[in-house]
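The sequence shown begins at 1 in the UniProt record's numbering and counts up one residue at a time.
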Amino acid sequence: MQNKETAIEVKVGALVLFSLGLLVAFVLVLGDFSFSDEFTFHVDFENAGGLKPGADVAIAGINVGNVERLEFQPNKGNEGQPAVEVRATLRISPDYADAVRQDSEFFITRRGVLGEPYIEIETNSFDAPQVEEGAVLRGVQPPRMDVIVAKATELLDTLDDLLSDPDIPASELIGNAASLMGNLDKVIVDNRQDIDGTIEGARMSTQEAAKLLQALNYAVEEGETLRRTLADAQATAANARAISSKVNGQVDPVIADVRAATENARKVSETAARVLGDNEQKLDESIANVHASTEDLKNISEGASTVVGRIESGEGTVGQLLADREMYDDMKELLRTIKRRPWKIIWKE
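Next up, the structure:
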């Protein structure tokens with residue numbers, strides 16, 4: 001009997017221990033406890049938007065942590081913002097801490113229409129510095145349905161008041177608006193080509209402005225080259241001035257010589273004109289004598305040509321001498337004999 005009671009007690013104790021272990025496991029799993037070091041920082045929201053402690057924190061839709069706690073945060077001295085904000089303390093795994101940057105955006109959103117709210121972290125680039133442990137960032141204000149409904153109701157009430165006011169001809173206003181829209185549509189249709197041309201001109205102007213900005217950016221980037229070019233231009237201008245001064249120093253004497261030569265030529269011209277004026281009659285007589293001498297030389301030349309022609313034709317003594325071969329030989333023999341025995345001219349042997 002005692003053994004049975006002992007066995008029952010052991011079974012009951014084992015069942016209790018198993019139940020306690022199972023309870024601890026459920027608490028650890030459902031409570032999302034972690035025994036490793038986690039990365040913690042804070043995000044301020046104007047409104048919690050239904051967010052609760054323990055809500056998920058996700059990056060690109062993947063859970064990386066949870067909301068540790070929510071607490072009120074006084075917002076003093078910041079105009080245009082609520083006096084009280086909600087500060088959410090986020091706890092994420094250190095493996096994902098590098099994905100949270102200073103320019104990351106924090107949204108309170110839901111998975112599905114009726115899902116529980118959670119915080120979604122959106123990081124567009126890794127250019128911004130990484131968030132440090134305990135840093136305070138600002139979240140994006142979540143949309144509030146109650147505020148949207150209240151504003152929509154207020155707008156509908158305002159429209160109802162306008163339509164029901166007898167002093168405001170609502171139907172006439174609507175008709176005028178419809179007429180205005182019709183006229184505007186007609187103007188656009190009738191002038192579509194001009195409007196297209198205007199748009200094309202604006203597009204071309206934008207392109208030219210972009211090219212101009214690109215050229216200006218290039219000029220700014222190439223500032224060192226521009227400065228060197230300006231320095232070279234200044235040096236060239238200085239050299240040109242130096243050369244100009246040297247040339248001016250050398251040209252002045254040349255100009256003086258040219259002026260002197262011109263003056264001498266003018267004097268010679270005046271002297272020649274004066275001499276010609278004083279001896280004009282003598283010059284005319286000299287020219288007439290030159291013409292007469294030319295005529296005489298012409299007549300003499302013509303006479304000489306006639307004599308030469310007669311000689312060539314065998315007329316006269318000289319012509320016969322040149323034309324008759326025998327007489328030429330006799331004359332040649334006579335001259336040879338006189339040359340050898342000149343005394344035969346005086347006496348004969």
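Every residue gets a Cβ at the ideal spot worked out from N, C-alpha and C, and that includes glycine.
8 Å contact criterion, which I92 and G65 should meet: CB distance rounded: For the purposes of this step, residue 92 is identified with residue 92 of the sequence shown, where counting begins at 1. For the purposes of this step, residue 65 is identified with residue 65 of the sequence shown, where counting begins at 1. For I92 against G65, the beta-carbon gap comes to about 3 Å, under 8 Å, which counts as contact.
Start-end ranges of the beta strand (DSSP E) lying completely within the UniProt domain "Mce/MlaD" (40-122), minimum 3 residues: The qualifying runs are 56-59, 62-74, 84-92, 105-110, 117-122.
Endpoints, the beta strand (DSSP E) within which V136 is located: Taking the first residue of the sequence shown as 1, we reach residue 136 at position 136. In the DSSP assignment, V136 falls within the unbroken beta strand (DSSP E) covering 136-138.
For Q130, the residue or residues it bridges with in DSSP: Translated into positions along the sequence shown, residue 130 becomes position 130. Paired residue(s): R101.
Spatial distance of L155 from L212 (CA atoms): Counted from its first residue, the sequence shown places residue 155 at position 155. Counted from its first residue, the sequence shown places residue 212 at position 212. If I take the Cα positions, the gap works out to 48 Å.
Under the three-state DSSP convention, the category E38 falls into: What you label residue 38 is simply residue 38 of the sequence shown in a count that begins at 1. Looking at E38 - three-state DSSP - the assignment turns out to be coil, as it is neither helix nor strand.
Through-space distance from T89 to A135, alpha-carbon basis: Position 135 of the sequence shown, counting from 1, holds the residue named residue 135. Position 89 of the sequence shown, counting from 1, holds the residue named residue 89. Rounded to whole angstroms, the gap between the alpha carbons of A135 and T89 is 10 Å.
Rounded C-alpha distance that separates Q81 from F126: Here residue 81 refers to the residue found at position 81 when the sequence shown is read from its first residue. Here residue 126 refers to the residue found at position 126 when the sequence shown is read from its first residue. Each residue's alpha carbon lies about 29 Å from the other.
Contact between the region 138-150 and the region 100-120 (3+ Cβ pairs under 8 Å): The answer is yes - the region 100-120 touches the region 138-150, with three or more Cβ pairs under 8 Å.
For S125, three-class secondary structure by DSSP: For the purposes of this step, residue 125 is taken as the residue at position 125 of the sequence shown. Coil at S125, not helix or strand.
Contacts around P94, its chain only, beta-carbon distance under 7 Å, and the 5 residues preceding and following it disregarded: Walking along the sequence shown from the start, residue 94 turns up at place 94. Cβ within range, chain order: D37, E38, F39.
Residues near L20 by beta carbon distance below 7 Å, same chain, minus five either side: Locating residue 20 in the sequence shown gives position 20, counting from the first residue. Here the set comprises nothing.
Three-state secondary structure assigned by DSSP to Q193: Working through the sequence shown from its first residue, we reach residue 193 at position 193. Correct three-state label for Q193: helix.
C-beta contact flag for I119 and V187 at 8 Å: One-based indexing of the sequence shown puts residue 119 at position 119. One-based indexing of the sequence shown puts residue 187 at position 187. No.
Burial state of P117, where buried means 16 or more other Cβ atoms lie within 10 Å: As a position in the sequence shown, residue 117 is number 117, starting the count at 1. It is buried - the Cβ of P117 has at least 16 other Cβ atoms within 10 Å.
Option in A128, E71, F72, N75 with minimal Cα separation from A99: Taking the sequence shown and counting its residues from 1, one reaches residue 99 at position 99. That would be A128, whose Cα lies nearest to the Cα of A99.
Whether Q130 touches R101 by CB criterion (8 Å): Numbered from its first residue, the sequence shown carries residue 130 at position 130. Numbered from its first residue, the sequence shown carries residue 101 at position 101. Against a cut-off of 8 Å, the Cβ pair of R101 and Q130 comes out as a contact.
For Q214, three-class secondary structure by DSSP: Within the sequence shown, numbered from 1, the residue matching residue 214 stands at position 214. Note: Q214 maps to helix in three-state DSSP.
Pairwise C-alpha distance: Q281 and L297: Within the sequence shown, numbered from 1, the residue matching residue 297 stands at position 297. Within the sequence shown, numbered from 1, the residue matching residue 281 stands at position 281. Each residue's alpha carbon lies about 24 Å from the other.
DSSP three-state assignment for R144, whether helix, strand or coil: Counting from 1 along the sequence shown, the entry for residue 144 is found at position 144. R144: coil per DSSP, three-state reduction.
Classification of residue 350 by the beta-carbon crowding that lies within 10 angstroms, buried from 16 upward: With the chain represented from 1 up to 349, any question about residue 350 goes unanswered, as that position is not in the structure.
Contact under 8 Å by Cβ, A48 with V84: Numbered from its first residue, the sequence shown carries residue 48 at position 48. Numbered from its first residue, the sequence shown carries residue 84 at position 84. Between A48 and V84, the C-beta gap is not smaller than 8 Å, which leaves the two residues out of contact.
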